[in-house]
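See structure below.
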Amino acid sequence: MPPTLEERVFEDLLRAADYLLRAEVEVLREEGLTFPQYNVLRILRGAGPAGLSCGQIGERMVNRDSDLTRILDHLTRRGLTARSRDELDRRIVVATITEPGLRLLQTLDGPVRRVHRERLAHLERAELERLRALLESARSPAQA
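Numbering (my numbering), first residue to last: 600 to 743.
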C-alpha cells in the first residue's frame, strides 16, 4: 500500500528536522552541550533572573521527552545553572541560569545563527515566512 500524503509529509518533516539540527548539534558538541541542555539554557536566559520551575521549563522545551532533572543536574554540576526552593512553596524547585551559563550562550549565539542561515540560505524570505506559517499551523490545528 503506497503511503498517504500525510505520511509522506510527516516523514519529510522528520528528515528536514534531522538535516537542520545536525549542524547545530555539532556546534553544541564543541562546547560539551547536547541539544536538550542548550534548549534549557536558552529557556532560562529568556526567563531572566526569576528563573522557572521545572514544570515551566518542560512546557517550553522543543522536545518534551527529555529527562529534565538529569539535564538540570548536569548543567548545575557544570556551574551553568543554579536551583533553589520557591520561597512561598518549598515543594517547587526554581532553576536559573548563572553568569557562566550566560557567557556560554553568548559564545554560541553567533555560530548557531550561522548554522541557521547556512542551512536555510537557499530559501527566499517569502518562502521562509510561508514555511513558518505552515509549521505553526501544523502544530496548532484549528479546533473543530
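Note that beta-carbon positions come from the ideal geometry of N, C-alpha and C, so glycine has one too.
The model shown is predicted, which means the values in this text are computed figures rather than measured ones.
- Task: Whole angstroms is fine: what's the gap from T680's alpha carbon to Q655's?
- Result: What you label residue 680 is simply residue 81 of the sequence shown in a count that begins at 1. What you label residue 655 is simply residue 56 of the sequence shown in a count that begins at 1. Roughly 15 Å separates the two Cα atoms.
- State the Cα-Cα distance for the pair D611 and D688, rounded to the nearest angstrom. Translated into the one-based positions of the sequence shown, residue 611 becomes position 12. Translated into the one-based positions of the sequence shown, residue 688 becomes position 89. Their backbone Cα atoms lie some 45 Å apart in a straight line.
- When DSSP builds the beta bridges, which residues end up paired with S683? As a working note, residue 683 is residue 84 in the sequence shown. Paired residue(s): V693.
- Task: Could you check the C-alpha separation between R621 and L727 for me, to the nearest Å?
- Result: Here the question's residue 621 lines up with position 22 in the sequence shown. Here the question's residue 727 lines up with position 128 in the sequence shown. So the two alpha carbons sit approximately 19 Å from each other.
- Which listed residue (E698, R712, L719) has its alpha carbon closest to that of G647: In the sequence shown, the residue the question calls residue 647 occupies position 48. The shortest C-alpha separation from G647 is found at E698.
- What is the C-beta distance between Q705 and I670, in whole angstroms, given that I count them as a contact (C-beta under 8 Å)? Position 106 of the sequence shown holds residue 705. Position 71 of the sequence shown holds residue 670. Q705 to I670, Cβ: 20 Å. No contact.
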